[in-house]
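Engineer:
Residue numbers (this note's numbering): 2 to 239.
(1) Between which residues of its own chain and residue 150 is the CB-CB distance below 8 Å, once the five residues before and five after are set aside?
(2) Return the chain-ordered list of same chain residues with a C-beta closer than 6 Å to the C-beta of residue 4, the five sequence neighbours on each side being excluded.
(3) Please determine if the region 130 to 146 and the region 162 to 180 are in contact, where contact requires at least 3 C-beta pairs separated by less than 8 Å.
(4) Anyone know if the C-beta pair for residue 173 and residue 72 falls short of 9 Å?
(5) Mark residue 197 as exposed unless 16 or more other C-beta atoms lie within 10 angstroms of its C-beta, in which case mark it buried.
(6) Thinking just about the alpha-carbon of each residue, which of 102, 115, 65 and 233 is nearest to the one in residue 194?
(7) Who are residue 194's beta bridge partners in DSSP?
(8) Assuming the contact rule is C-beta atoms closer than 8 Å, residue 69 and residue 52 should be a hit. Round their C-beta distance to whole Å, please.
(9) Could you name the residues that DSSP lists as bridge partners for residue 50?
(10) CA-CA distance, residue 112 and residue 38?
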């Protein structure tokens with residue numbers, strides 16, 4: 002049996018949901034070993050109409066009704082602390098999408114990174130889906146992230162509470178919130194790029210097609226770097 006988290010490190014796992022009833026129970030059960038070792042799980046619902054919050058209730062430490070939108074939901078969850086004051090020395094927030102599975106011992110991997118001096122970080126990613134090209138896409142995402150220091154939400158970003166607060170949390174924008182948070186955190190420190198992989202759903206890739214999705218994402222990022230408004234990008238993404 003793995004030991005519990007070191008007493009001066011606490012882990013808050015935050016996930017945002019919206020109509021995830023089909024797979025949310027399996028996802029929440031996946032997090033239970035981490036809860037048993039001391040992590041706390043907060044689910045932030047953006048207005049589900051399929052009973053998702055009720056399915057999460059017995060498997061989370063808190064289920065919140067938050068404003069719809071990835072950045073707003075994650076910030077809502079990030080403001081909740083399940084731990085008594087004063088907050089322990091290293092409180093860490095881990096943001097996990099509801100279609101993403103963490104590697105075994107993710108809590109201990111994060112603790113090791115934080116104990117080694119990291120202010121924030123992310124995991125490598127593996128994309129599950131029908132296309133054989135998804136393995137290539139995941140590899141390129143990991144290499145790009147390691148080179149640039151920019152992480153995406155699919156990579157299960159984690160960050161020390163003090164660093165998260167120092168940059169003001171996720172920016173209140175409807176798209177590229179993970180890119181912008183990474184840019185701001187990079188001003189504090191480079192990320193810990195953990196080679197252990199999370200597994201994220203390739204449903205978007207399967208639905209839209211691998212190459213159209215690659216083209217769409219690169220186009221949106223190029224436009225973002227050129228200064229396009231996130232609201233315009235979000236409309237085109239949908």
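Every residue gets a Cβ at the ideal spot worked out from N, C-alpha and C, and that includes glycine. From a predicted model like this one, the values you see are computed outputs, not experimental measurements.
Structural biologist: Taking the geometry as given:
(1) On the chain shown, residue 150 is found 149 positions in, with the first residue counted as 1. Answer for residue 150: 183, 187, 191 and 192, listed in chain order.
(2) Against the chain shown, residue 4 aligns to sequence position 3. Below a pLDDT of 50, predicted positions are generally treated as unreliable, and residue 4, at 41, falls in that range; no measurement from the model is reported.
(3) The answer is no - the region 162 to 180 does not touch the region 130 to 146, with fewer than three Cβ pairs under 8 Å.
(4) Locating residue 173 in the chain shown gives position 172, where the first residue counts as 1. Locating residue 72 in the chain shown gives position 71, where the first residue counts as 1. Yes, the pair counts as a contact, with Cβ atoms nearer than the cut-off.
(5) Taking the chain shown and counting its residues from 1, the one referred to as residue 197 is at position 196. By the 10 Å Cβ count, residue 197 comes out exposed.
(6) Against the chain shown, residue 194 aligns to sequence position 193. Selected option, being the one with the closest Cα: 115.
(7) Translated into positions along the chain shown, residue 194 becomes position 193. Residue 194 pairs with 123.
(8) For the purposes of this step, residue 69 is taken as the residue at position 68 of the chain shown. For the purposes of this step, residue 52 is taken as the residue at position 51 of the chain shown. Between residue 69 and residue 52, the beta carbon gap of about 17 Å keeps them out of contact (Cβ cut-off 8 Å).
(9) Walking along the chain shown from the start, residue 50 turns up at place 49. DSSP, once it has assigned bridges, lists no residue as partnering residue 50.
(10) On the chain shown, position 111 is the one that residue 112 refers to. On the chain shown, position 37 is the one that residue 38 refers to. Rounded to whole angstroms, the gap between the alpha carbons of residue 112 and residue 38 is 12 Å.
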